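Chemist: Sharing a structure with you now.
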Amino acid sequence: YPVQTPPNKRINLHEPLSSPNNIDVVHAIKMGGVNERLITRHQLLVVTETVEFVSIPRRSFKDIVAPFQPELRQFSLDTSPRSHAFLQIRIASTDVIGIGTFKTAHPGKLTLVLKLEEPSSACGGSVSGYSIEKDLDDIPSSFCGAEDLPVVVKRLYHQVGRVTRGRIDMDEFTKGCYTPADELQKLSIEANTIYWAIALHGLSHDFIHRKLHSLPADQQIQIPFTRFVNAGLALAHGALPSKPLPSSATTTLRAVYLVEEPIVGRDGEAEDFVKLIHNSSAVPLISEKDKQWYDLALFAACHQHIQYWKTGGIAYVSDYQGSVLKLLVVDSNGNSNS
1 YPVQTPPNKR INLHEPLSSP NNIDVVHAIK MGGVNERLIT RHQLLVVTET VEFVSIPRRS
61 FKDIVAPFQP ELRQFSLDTS PRSHAFLQIR IASTDVIGIG TFKTAHPGKL TLVLKLEEPS
121 SACGGSVSGY SIEKDLDDIP SSFCGAEDLP VVVKRLYHQV GRVTRGRIDM DEFTKGCYTP
181 ADELQKLSIE ANTIYWAIAL HGLSHDFIHR KLHSLPADQQ IQIPFTRFVN AGLALAHGAL
241 PSKPLPSSAT TTLRAVYLVE EPIVGRDGEA EDFVKLIHNS SAVPLISEKD KQWYDLALFA
301 ACHQHIQYWK TGGIAYVSDY QGSVLKLLVV DSNGNSNS
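When the letters of the sequence shown are read in order and numbered with full-length UniProt numbering, they come out as residues 1 to 338.
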């Protein structure tokens, strides 16, 4: 092949010479050469896991209850969208988002190796009340298409030792981890709860939306657009054991995490998080004086009534909590079957 001589590099003599100030050079070299500052203690308190991420799909209530699709009745690790991923977890005590009765919550980042391909009913289209046009411009409807996301990473724990003074504070008991098999079982139940809550909320949202569209123009009212946060399970695996084990005990599963979309404001900062309705009462927890939150709580109560009615009193979302951006989460202890 003929060899081409590369073009000569030319200096633009018309541009003024920009030489750094000697004081700036000395200061930069002194700062950059301090090797002990390269790695901070905070950076050491970041765990990076290679995981199999299984997204909890958004399916319509109609699809879930259809008699010809029994495989959609429950959340399943086998039929849900999945991707290999890197999960970064900030475990420093100063970074902890919260410690609940059953789970700890930490900030993290999820990097998907492959884009998730979810069912057509999950990414666009008119399904489960998630297609109100202008709202989807600002709020993603699922993890599909996402590659690098800030997330909240939750992990189950159980209390070890005696809780003193009848109070449950993070310093008054030791948190013990479940076995990987127990983690998977309990968090699969929680994932199924989220799966059904998304569908139930979509059912009532569609009902409200269609009723409003049937009214005359002079009777139209504005309603908030609400949805549950995106969520999924992250399964971390280790190497196969060096010594052979009984077939029933052979597994590489090492840890299971519940991964959720964080609730943040439009500026990217943390958003106020409020419990709207407690699971032991149908009456909103919010005072009528707090107009903004009270209206949202009443709207959540309306959702509960519609869900209770449409399911013949069998099922409804019992514990609504969320933010002013109308993002909601399901609060479950991982043991509930409803």
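Glycine included, every Cβ here is placed at the ideal spot set by N, Cα and C.
Values in this document were obtained by computation on a predicted structure and should not be read as measured data.
Should His84 be labelled buried (16 or more other beta-carbon atoms within 10 Å of its own) or exposed?
Modeler: Counting Cβ neighbours within 10 Å, His84 comes out exposed, since fewer than 16 surround it.
Chemist: Across the region 284 to 300 and the region 170 to 189, are there enough close Cβ pairs to call them in contact, namely three or more that are closer than 8 angstroms?
Modeler: Flag = no, the region 284 to 300 and the region 170 to 189 do not touch.
Chemist: Can you tell me whether DSSP reads Pro20 as helix, strand or coil?
Modeler: DSSP places Pro20 in coil when its eight states are reduced to three.
Chemist: For Tyr308 and Val317, I'd like the C-alpha separation in whole angstroms.
Modeler: Spanning the two alpha carbons is a distance of roughly 9 angstroms.
Chemist: In terms of alpha-carbon separation, which member of Thr252, Leu233 and Ala236 lies closest to Ser242?
Modeler: Selected option, being the one with the closest Cα: Thr252.
Chemist: Determine the DSSP secondary structure at Leu296, reduced to helix, strand or coil.
Modeler: Three-state result, Leu296: helix.
Chemist: Hey, out of Ile198, Thr48, Ser76 and Ile314, whose CA is closest to Gly108's CA?
Modeler: Ranking Ile198, Thr48, Ser76 and Ile314 by Cα distance to Gly108 puts Thr48 first.
Chemist: Kindly indicate which three-state DSSP category Leu215 falls into: helix, strand or coil?
Modeler: Coil, per DSSP.
Chemist: So what does DSSP say about Ser126, is it helix, strand or coil?
Modeler: Low confidence applies to Ser126: its pLDDT is 37, below 50, so where it sits in the model is not reliable enough to give any reading.
Chemist: Using only the alpha-carbon positions, how far apart do Ile221 and Ser76 sit?
Modeler: One C-alpha to the other measures close to 39 angstroms.
Chemist: Would Val151 pass as a contact of Val259 if the rule is Cβ separation under 7 angstroms?
Modeler: Yes. Within cutoff.
Chemist: Which residue from Phe61, Ser18, Ala28 and Ile314 puts its Cα closest to that of His201?
Modeler: Ranking the options by Cα distance to His201, first place goes to Phe61.
Chemist: Could you give the DSSP three-state label for Gln74: helix, strand or coil?
Modeler: Here Gln74 sits in coil by DSSP.
Chemist: For His305, count the other beta carbons within 10 Å of its own beta carbon; 16 or more makes it buried, fewer makes it exposed. Which is it?
Modeler: With fewer than 16 Cβ atoms within 10 Å of its Cβ, His305 is classed as exposed.
Chemist: So which of Pro20, Val65 and Glu15 has the shortest CA-CA distance to Ala315?
Modeler: Selected option, being the one with the closest Cα: Val65.
Chemist: If you compare alpha carbons, which of Phe53, Ser80, Ile99 and Gln159 is closest to Val113?
Modeler: Among Phe53, Ser80, Ile99 and Gln159, the Cα nearest to that of Val113 is on Phe53.
Chemist: Do you know offhand how far Ser55's Cα is from Leu110's?
Modeler: Taking the straight line joining both Cα atoms gives about 12 angstroms.
Chemist: What's the gap between the Cα of Ile139 and the Cα of Glu288?
Modeler: In this prediction, Ile139 has a pLDDT of 40, which is less than 50 and means its spatial position is unreliable; nothing more can be read from the coordinates.
Chemist: Which stretch, first to last residue, makes up the alpha helix (DSSP H) that contains Phe102?
Modeler: Note, Phe102: premise wrong, no alpha helix (DSSP H); not H, not E.
Chemist: For residue 395, does the three-state DSSP call read helix, strand or coil?
Modeler: In the structure as shown, the chain begins at 1 and stops at 338. Residue 395 is therefore absent and cannot be evaluated.
Chemist: Just to confirm before moving on: does the CB-CB distance between Tyr320 and Val153 stay below 7 angstroms?
Modeler: Not closer than 7 angstroms, so no.
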